[in-house]
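Asker:
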Amino acid sequence: MKIKSELSKIIEQALKSANIQADEIVISDATKPEFGDYQFNGIMRLAKELKRNPREIASEVVEHIDTTGMVSKVEVAGPGFINIWLNNEWLAEVTTEILEDKRVGVGFVEEPKRVVVDYSGPNMAKQMHVGHLRSTIIGDTLATLLEFLGDEVIRQNHIGDWGTQFGMLIAYLEEQNTDGNTQELKDLEQFYKDAKVRFDQSEAFANKAREYVVKIQSGDEHCLELWQSFINASLGHCEEVYEKLGVNLTRDDVRAESFYNDQLPQIIERLKEKNISTTSNGAECVFLEGDENPIIVQKSDGGFLYATTDLAALYFRANVLQAKRICYVVDARQAQHFKQVFTIAKMAGLVGEDVSLEHIGFGTMMDKGGKPFKTRDGGVIKLVDLLDEAVVRAKDAIKDRDVHSDEELDAVAKAIGIGAVKYADLSISRESNYIFNWDKMLSFEGNTSLYMQYAYARIQSILRKHNAEVSGEIIIGDEIEHRLAVMLLKFEDTLIKASIEATPHTITSYLYDLVTLFMKFYELNPILKEDIKEDIKMSRLQLSILTGAVIKKGLEILGIEVVEKI
RNA sequence: GCACUCAUAGCUCAGCUGGAUAGAGCAACGGUUUGCGGUACCGUAGGUCAGGGGUUCGAAUCCCUUUGAGUGUACCA
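Okay, so the first sequence: first residue is 1 according to our numbering, each after it adds one.
Spelled out as structure tokens, the structure:
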């Protein structure tokens, strides 16, 4: 339910009836329960423009508000706030209706857009490490969210498969194969290290590697074949990680750097034509106002750089894929790069003015000491290892609960462990760095996935215990049920906000508030006790079912599974 | 040097398109139980929102400035 926009309409109508002009009406959540459910704070500003007393205007507006439907009560408070209470009968009716709705009351965006979400972007020469985690899960959440709200999402996995190190890697791969050593590259990290050792030791090998770089780029069939087999194997490793993470990225979403290779000269031509770039010290450069250094788009030796590839990708996404919104889920440290590339793309007309280009930046993952997250000996932590450890730790956290068979325990541990890692990441506002802490993320307390999953499991337990059909309407019987119903209906506004700002943590905060409220409701209002009247019992069961459905849908958007028992 | 980001309770974090007495969790202390799953719930305590100035009826939020931390800065991605 788009509550805020409904309330805006009501206020707009009231203002009109009171003969007051206002451009934009912003409804906010009430800051406290005693101030109602929502509030409108715009009167003070209007009063200033009209040079009138704000309380006086507010009283006039309030008189014109219809309190027979959605709204039950409005009040003028403080200097001129308008506090709004939602009607219990209305809440009961709407929540009962959405019990039947698979989308739990969430509609679609009014104007669906085609959106490109660029995320994950692993480097094919290296194992995925923790640095890729944030891009992968924030991007995946954003894609899922936009899709759910009705946008047409095109996922793009811009993998790094081009560059000088590939000459070395395929030369080494060829050597391994001809030695009859057909074992596939199990450990990319090790393979890279071994190739590097060979490269440093043997001059002949090093020369071959350099030769291969040129050969791949000029389209030599043998080299391309080797290169392709290397990329395939490497991509296979990434897919294992995606599988573990439960991330929806497939080979169809891969559009590698190499894909844009042919188009790079045209990009340079275009920049030259439009007099955007100039030659400086032999390199083709774009000098932007406010930047002391240029953006180099072509090296003095004729080679291209990542800015060039990104420009080609922007052109492709805006013109071939026809996206109206392009989101780059990439480390915040690349903010300057994207700002520059976006500016150049618009200047050169590679991307239309109506296309929204967004760098969805995120902070770095830190250890407890606030230093970038590394292994004890200073190495990079492999993502696979991190995820496996999460599952082991999750199993340890729940093994004494004695509600699972051995097979169940493994599946539940997986849902909890992976969920914990994802939730911990998604629940921090994405731009800030965050401190990685196993104990905190696997706690039943606080804003963690486990707390949400536990609440969900408790709801399922109630339903199992009831073990009969649940029917009938939701009745709002007290303050806590009123607040719970309002919270349940806030789900759509929450998702809309999260989709516009690309902030998954908006969703986690909401879920946490919802679950906290549900726990209070559950403590206060017995459901299955014998002396509870049938219609009240049914209503409370329905509220529980709806809460469970919203938790499940919310976690699903975050890519986290629920379990029936914990 | 220049540019950008950040600074909120002991710790980890929300709140930032200006609105009422700045909120959570953890840790500390106290309470609730013949419990529909107590790894739950309730309460107490804890704040010069880094310092200073400005704009405003109103500032954690906007502007300026100082300090501190981090990041980026011509041929890697």
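Ideal Cβ placement from N, Cα and C applies to all residues, glycine included. All of these numbers come straight from a predicted model, not from anything done at the bench.
Starting from the Cα of R251, find the closest Cα among R114, N232, E257 and K414 and give me that residue.
Answerer: The candidate whose alpha carbon is nearest that of R251 is N232.
Asker: Relative to the alpha-carbon of N275, which residue among V286, P265, E408 and D253 has its alpha-carbon at the smallest distance?
Answerer: Among V286, P265, E408 and D253, the Cα nearest to that of N275 belongs to V286.
Asker: Starting from E534, follow the alpha helix (DSSP H) in both directions and report where the run begins and ends.
Answerer: Segment E534 to I557, the alpha helix (DSSP H) holding E534.
Asker: Terminal residues of the continuous beta strand (DSSP E) containing H359?
Answerer: Per DSSP, H359 belongs to the beta strand (DSSP E) from S356 to F362.
Asker: May I have the straight-line CA-CA distance separating S234 from G160, to the nearest angstrom?
Answerer: Spanning the two alpha carbons is a distance of roughly 11 Å.
Asker: Could you name the residues of the same chain whose beta carbon sits closer than 7 Å to that of L145, not counting the 5 residues immediately before and after it, in chain order?
Answerer: If we look at L145 and ignore the five residues flanking it on each side, its Cβ neighbours are L495, A498, S499 and I557.
Asker: Give a yes or no on contact between the segment 356 to 366 and the segment 430 to 443, applying the rule of three or more CB pairs nearer than 8 Å.
Answerer: Flag = yes, the segment 356 to 366 and the segment 430 to 443 touch.
Asker: Can you give the Cα-Cα distance for M44 and M441, rounded to whole angstroms?
Answerer: In a straight line, the C-alpha of M44 is about 43 Å away from that of M441.
Asker: Going by CA-CA distance only, name the one from L546, Q156, L311 and L386 that's closest to T343.
Answerer: Of L546, Q156, L311 and L386, the residue nearest in Cα terms is L311.
Asker: Since L528 and I462 should fall inside the 8 Å C-beta cutoff, what is the C-beta to C-beta distance between them, to a whole number of angstroms?
Answerer: Indeed, because the Cβ distance is near 7 Å, the residues count as touching under 8 Å.
Asker: Please classify H466: does DSSP put it in a helix, a strand, or coil?
Answerer: Helix at H466.
Asker: Measure the C-alpha to C-alpha separation of V71 and I65 and round it to an integer number of angstroms.
Answerer: Computed Cα separation, rounded: 8 Å.
Asker: Let me know the secondary structure DSSP gives M366 once reduced to three states.
Answerer: If DSSP states are grouped into helix, strand and coil, M366 belongs with the strands.
Asker: Is DSSP giving D331 helix, strand or coil here?
Answerer: It is a strand residue.
Asker: So, is H158 buried or exposed, given that buried needs 16 or more other C-beta atoms within 10 angstroms?
Answerer: It is buried - the Cβ of H158 has at least 16 other Cβ atoms within 10 Å.
Asker: Taking Q453 as the reference, which of K490, V550 and V486 has the closest Cα?
Answerer: Comparing Cα-Cα distances from Q453 to each of K490, V550 and V486, the minimum goes to V550.
Asker: Considering only residues of the same chain and omitting the five flanking positions on each side of K552, which have a CB-CB separation below 8 Å?
Answerer: Excluding positions up to five away in sequence, the list reads Y456 and V562.
Asker: Return yes when the Cβ of K324 is within less than 8 Å of the Cβ of R114, no when it is not.
Answerer: A contact, by the Cβ cut-off of 8 Å.
Asker: Nearest to V391 by alpha carbon, out of T31, T164, N123 and I418?
Answerer: Nearest option by C-alpha distance: I418.
Asker: Just to confirm my understanding: we take I10, look at its own chain, exclude 5 residues before and 5 after, and list those with CB closer than 8 Å. What are they?
Answerer: Closer than 8 Å at the Cβ level, and outside the excluded window around I10, lie I65, D66, M70 and V71.
Asker: List the endpoints of the continuous beta strand (DSSP E) containing D118.
Answerer: That run of the beta strand (DSSP E) goes R114 to D118.
Asker: Any chance you could list the beta strand (DSSP E) runs of at least 3 consecutive residues sitting entirely within the segment 145 to 218, in chain order?
Answerer: Correct list: 152 to 156.
Asker: Report yes if the C-beta distance between L50 and A22 is below 8 Å; otherwise report no.
Answerer: Cβ atoms of L50 and A22: not closer than 8 Å.
Asker: If we call anything under 8 Å between Cβ atoms a contact, is P112 one with E147?
Answerer: Cβ distance not < 8 Å, so P112 and E147 don't count as in contact.
Asker: DSSP three-state call for P372: helix, strand or coil?
Answerer: Here P372 sits in strand by DSSP.
Asker: What residue range is occupied by the uninterrupted beta strand (DSSP E) comprising E75?
Answerer: Taken as a continuous stretch (DSSP letters only), the beta strand (DSSP E) holding E75 covers V71 to A77.
Asker: Cutting at 7 Å between CB atoms, please list the residues of its own chain near Q322, excluding the five before and the five after it.
Answerer: Closer than 7 Å at Cβ, skipping near neighbours: R114.
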